[in-house]
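Number of protein chains: 2
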Amino acid sequence: MGSNSGNPGLGRPKLEEVLRKRFFYCPSFESYGAGVSGLFDYGPPGTALEQNILEVWRKHFVQEENMLEISTSMVTPHEVLETSGHVSKFRDWMCRDPSTGEIFRADHLIREVLTERVERGLGCGDLGEDVFGERAGPYLGETGRYERILSQIDGFDDGDLARVIEECDIRNPQTNVRVEGPVAFNLMFATEIGPKGGMAGYLRPETAQGQFLNFNRLLEFNNGKMPFASVVVGKSFRNEISPRSGLLRVREFTMAEIEHYVDPLNKDHKRFNEVENVRMQFLTREIQVSGKEEGLEMTVGEAVLKGILDNTTLAYFLARIHLFLIRIGVDKNRLRFRQHMVNEMAHYASDCWDAELLTSYVIFYRAAYDLTVHSDKTKEKLVVRELLSKPIEVREWIVTVDKKKMGPLFKKDLKAIEQAISGWSNEDKIRYRDQAASQGKITLKVEDGRQFEIPSSLFTIEEVKKTTSVREYTPNVIEPSFGIGRILYSLIEHCFWVRSEDIDRCKVLSFPPIIAPVKCLLVPLSNNSAFDPIIDKLSSELRRLGISYKVDDSSAAIGRRYSRNDELGTPFGITVDFQTVLDGSLTLRERDTTKQIRAPEKEILRVVKELSEGLISWDDVLKDFPTFDKQITDIPGITDLYIRE
Amino acid sequence: MGSNSGNPGLGRPKLEEVLRKRFFYCPSFESYGAGVSGLFDYGPPGTALEQNILEVWRKHFVQEENMLEISTSMVTPHEVLETSGHVSKFRDWMCRDPSTGEIFRADHLIREVLTERVERGLGCGDLGEDVFGERAGPYLGETGRYERILSQIDGFDDGDLARVIEECDIRNPQTNVRVEGPVAFNLMFATEIGPKGGMAGYLRPETAQGQFLNFNRLLEFNNGKMPFASVVVGKSFRNEISPRSGLLRVREFTMAEIEHYVDPLNKDHKRFNEVENVRMQFLTREIQVSGKEEGLEMTVGEAVLKGILDNTTLAYFLARIHLFLIRIGVDKNRLRFRQHMVNEMAHYASDCWDAELLTSYVIFYRAAYDLTVHSDKTKEKLVVRELLSKPIEVREWIVTVDKKKMGPLFKKDLKAIEQAISGWSNEDKIRYRDQAASQGKITLKVEDGRQFEIPSSLFTIEEVKKTTSVREYTPNVIEPSFGIGRILYSLIEHCFWVRSEDIDRCKVLSFPPIIAPVKCLLVPLSNNSAFDPIIDKLSSELRRLGISYKVDDSSAAIGRRYSRNDELGTPFGITVDFQTVLDGSLTLRERDTTKQIRAPEKEILRVVKELSEGLISWDDVLKDFPTFDKQITDIPGITDLYIRE
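See the structure below:
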């Protein structure tokens, strides 16, 4: 099978022509003009491709692991997303050209301007004072200042961006005017629920919150058993500042998100042995710090042994994701797993790996998932109560207040003081105990901000032991999250090639049969009416077998009809010719090799079904059937008989 | 199989308890308190049920007819929905209690208040002046004034509603305060696309617009052939004023919408003969006008012959919808097709039929679809260019203006007059020609509202003939539209019953196997470890066969485990007992009959697969296998061997 992995980007204009012509997808509301960027409609092949990817995804993850798939609301009240931190933290920084009013996403503009300067040889070797000082993460070796900024820009806050804009003099390339800003822009689409004066809300930016809010119901549904996973497949929304890059950065997208809940004291996965020998590319944090781009190839088993992966549940999911991506047709030479830098991760994450798919958009795009470990992302209490086989001894810190003495001392403030004390965490208790022991008093801040000094004689903080037969814990969460549109686009690029041996340089999309939008093309040799009942019967058989098919009975030459369906990625083609009329035999053509076999209808249908479901390969078929290269285009007597209208 | 069709409503509290306990669905964001009504999350069984309904739907409609399924954006710019008329017309009327600020949907409040009065015997026989005068549609016989209002309220505008509120003194039942209003409330969720000063937009209220905007691409994808259909399955949104009635009135819902494009001159459906004998209930406009509630039962073939259905394409879709609903488990005694009254239809519709499913919400709810015939719903030109085999003669009306004479007469107004003339439709031309012939002049209104009299000597309007080999026409559209949540809820009610012969009065959801959330329950007789490897092997076999299953290895009695899975609607259960350990045989239990058979593993798995896919029925199985009623709970020697830990 051909591939353009040697020269990514070279085929993009040809590919885009195919995608548009065959209606894989198109910009939404195109007839209403520019300005609605980042919204796309999928035509029939794009829609079928997405559905097939999701079907394989569900089989691979949900069915295989008995995950609990649920379906949650997209419209979400303000309060929920305030609690989750999205109202304050889910934002990008925008800057503005004051001369035109044009708005840019600050990091994208800086990246564009500085990349261009580096390409022109500017800024390299400039090792003056570092823009972002000592608070930035590790440097990428002895490269120049612009390269350093480029390598670390994902972790920049607004202050860093403002400093870069000023010190590096970032201008709008079109007008050469220095941009203003940056200013925060929340990426959620805002709306209002109910009639006037109703409730503020947003379109969900991810599906995790809806899963966490149902945690208690899900645990109960699972009969209280851990570990388990919940799943949501559905749309999420990000009101991008200025989306470009086609399907890789959009405002409305299909996500498939897993939340796998584990016991923090036991992160072993019982099926890890099934995947421990899967080999993949790891680009660890250490490799990135050393300035290199090459990943390490090893098995996930080795990665766990070397401590690159913290536990076997994390390792299990990385391997399963790798296997899924290969199964749907991703080129494994253009796939690697990259660990996030410490300053790049979300605040709740303790480790994060991206599956990165190389596409013609030059840089590696984060295409598949974040793998994060949450501790306590929402205020909804995620508590598992495990019944222990033997009671265990637990230690707790207990605060006892001498109310008789404190009352007269603090009078009406007593209530506020008691409230502050009741909110202490275990860490607070230890800290105050130490303070009381060393200073003879503690300094306590109450809710309204006032401070009180409390003598250590008025309270005690003691560690006590007790036995319990219930262990109560908050599970850790491992979150494999898939952006289906990004996977779909990367996959299309990985499957695209041009038949170089072909004089017409025909374009081909080599989707694996299980995800191809249409599995089988039906081509009558000509528009002779003798073929009509045969095509009708085959159509009805294919429908019964659940094989998606398309009839091409246009008057174009047969090779022409095949090549336009190669552009749709249709893996198999059945030709009905005059021999079929005589003996019911059919030819079956495979897209990538263009080889054909000939067999009776029943055999051909069985083979097409097994091929379409991924149960056998074309190589298997060629072992059982000889290749066939003579299409019977004319049989004296038969042709004459049927050609007349 | 049991059924509660005799007494709808009786089982609702029991049913709701089951739906909540088994996590079919629940209100979204429940822990955030009241106020977010009309938003629901589906738990694992609800999600699987919806997916299975959609899978059957896609097979029944999309695959069977080779429809072109596409996927379009939900976020939609203002301009698109202004063009479609939704910005001005997609609204309900709300009224307000001035004492509490509470907001009601006007027609719902009126319906509630007047229904209650009718039930108390008020208003009947009150035949005074009619509230809505002569512009209302036909009356429902000689019933009282309140009944008349109730029967026609769906067609009321704001003036009608205001008059009813005033004349019938409509008050908030809680406060007894007369409500104010009505005021229009647009039902679309509004948002803004892009950063500040961006583009106004809405969440789509239906999926039709996205399909119409892609019409030209779709026609091209279909090689220019008519008729054809496009499909969108996805979420739509309606910001309901005050949603109640559970899943029947929600703010976010899954729709499956077909747009079938036909030649207005030929609405014959070539596969109509396949469905012409389908019998169904028709509640025609005439029956409703006569005040009756009973539909006519007849075949769709008869309905076409009697002129009840205008054409065989409309009839074909009604029959196919009927067959679909029966196939997924709707009770055909609680299903009828009701024709819309003339004043009830949308302005673009020429005929409309609702599939109505009787549920415990007492009145018939519009549960399945609108079937409407659009002429020109969007400004996007839907034009089909058909190449004719022979050139044809067409007639056109041509207007010729004598500019030399008109110029001096109208001077600077000539341009406005010419513009008005150029906007004439064929009907306008005929009307003006008649006016000119009878009065010797015409009266013409131009864009700014001024009128001009134009002598008939200054222009001609003539019919001319020309030949063309291209026929250009705007297709008619037939739009079967399915609200999946409403179907899902009605279906659940139709499938719910209580085992009266059972001492525990166990509840059962008798979903047809093809749509049941889980197809098969696996029950080891006890938690004896001898069963573990057998359950693991069966699980892996069921996964390989693509049959959804659930293991219940809890310590509850076997009957208890079966009955809690009856509440999930799981149609089949495989029991693993000590005999299985000896000879590999399994028992298979069917949910509705609770009958069992016993056979070797291979046979049982084959049977479960064929049952789950709807290829065979349980009656077929009982013909091939004897029923089995002795579960082997203990075998000396074997039991002893394995029970020790």
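Protein chains in written order, with our numbering: chain Z, 1 to 645; chain B, 646 to 1290.
Quick reminder that beta carbons are idealized off the backbone N, C-alpha and C, glycines included.
C-beta neighbour in chain Z for residue i, strict 7 Å
i          : result
GLY688(B)  : yes
VAL725(B)  : yes
THR1113(B) : no
THR717(B)  : yes
PHE866(B)  : yes
THR692(B)  : yes
GLU1124(B) : no
GLU757(B)  : no
ILE886(B)  : yes
PHE668(B)  : yes
Own chain, CB closer than 7 Å to residue i, minus 5 neighbours either side, in chain order
i          : result
ALA960(B)  : PHE917, VAL945, ALA948, VAL949, LEU954
HIS494(Z)  : GLY329, VAL330, ASP331, ARG334
SER1255(B) : Note on residue identity: the sequence assigns Glu, not Ser, to residue 1255(B). Cβ neighbours of GLU1255(B) beyond the five flanking positions: ILE1261.
ILE604(Z)  : ILE574, LEU586, LEU588
PHE625(Z)  : ILE597, ALA599
ASN884(B)  : LEU832, MET833, PHE834, ARG896
Cβ shell of residue i (< 8 Å), same chain only, five flanking positions each side left out
i          : result
ASN859(B)  : ILE715, THR717, SER875
GLU837(B)  : GLY843, MET844, ALA845, GLY846
GLN1064(B) : VAL1091, GLU1092
SER1070(B) : none
THR1272(B) : LYS1240, GLN1241, ILE1242
ARG756(B)  : LEU795, ILE798
LEU713(B)  : LEU863, PHE866, ASN867, PHE873, ALA874, SER875, VAL876
PRO77(Z)   : ILE193, MET199, ALA200, GLY201
Neighbour list for residue i in chain B, Cβ cutoff strictly below 7 Å
i         : result
GLU274(Z) : The contacting residues do not exist; GLU274(Z) stays about 11 Å from chain B at best.
ARG543(Z) : GLN708, GLU709
Close Cβ partners of residue i (< 6 Å) along its chain, the five nearest in sequence each way excluded
i          : result
LEU1103(B) : ASP1047, LYS1050, MET1051
ARG1040(B) : GLU1108, LYS1110
PRO517(Z)  : PRO45, ALA48, LEU49
PRO98(Z)   : GLU180
ARG560(Z)  : none
LYS1247(B) : none
LEU941(B)  : PHE927
Heavy atom of the ligand FMN within 6 Å of residue i beta-carbon
i         : result
ARG793(B) : Within the structure as shown, the ligand FMN is missing, as the structure has no ligands at all.
Interface partners of residue i on chain B, CB under 8 Å
i         : result
GLY537(Z) : It should be pointed out that residue 537(Z) corresponds to Lys in this sequence rather than to Gly. Those do not exist, as LYS537(Z) stays about 15 Å from chain B at its closest Cβ, beyond 8 Å.
GLY210(Z) : SER673, ASP686
ARG217(Z) : PHE668, CYS671, GLY688
Partner residues on chain Z for residue i, Cβ-Cβ distance less than 8 Å
i         : result
VAL681(B) : PRO77, ILE193, MET199
Partner residues on chain B for residue i, Cβ-Cβ distance less than 9 Å
i         : result
ARG385(Z) : In chain order: nothing, as chain B lies at least about 17 Å away.
LEU213(Z) : SER673, PHE674, GLU675, SER676, TYR677, ASP686
SER554(Z) : ASN868
Chain B within 7 Å of residue i, Cβ atoms only
i         : result
PHE482(Z) : no
ARG327(Z) : no
LEU248(Z) : no
LEU68(Z)  : yes
GLU17(Z)  : no
GLU252(Z) : yes
Under 9 Å from the C-beta of residue i: neighbouring residues of chain Z
i         : result
LYS880(B) : MET74, GLY234, LYS235
What residues from the stretch 182-194 of chain Z come within 8 Å of chain B, judged by C-beta to C-beta, listed N to C? PHE185, PHE189, ALA190, THR191, GLU192, ILE193, GLY194
Pull out every residue of the stretch 79-106 of chain Z whose Cβ sits closer than 7 Å to any Cβ of chain B, in chain order. GLU79, VAL80, MET94, ILE103
Output needed in chain order: residues of the stretch 493-514 of chain Z with a Cβ under 8 Å from some Cβ in chain B. none
Contact the stretch 860-872 of chain B vs the stretch 754-766 of chain B: 3+ CB pairs below 8 Å: no
Within 7 Å of chain Z by C-beta, residues of the stretch 1250-1278 of chain B in sequence order: none
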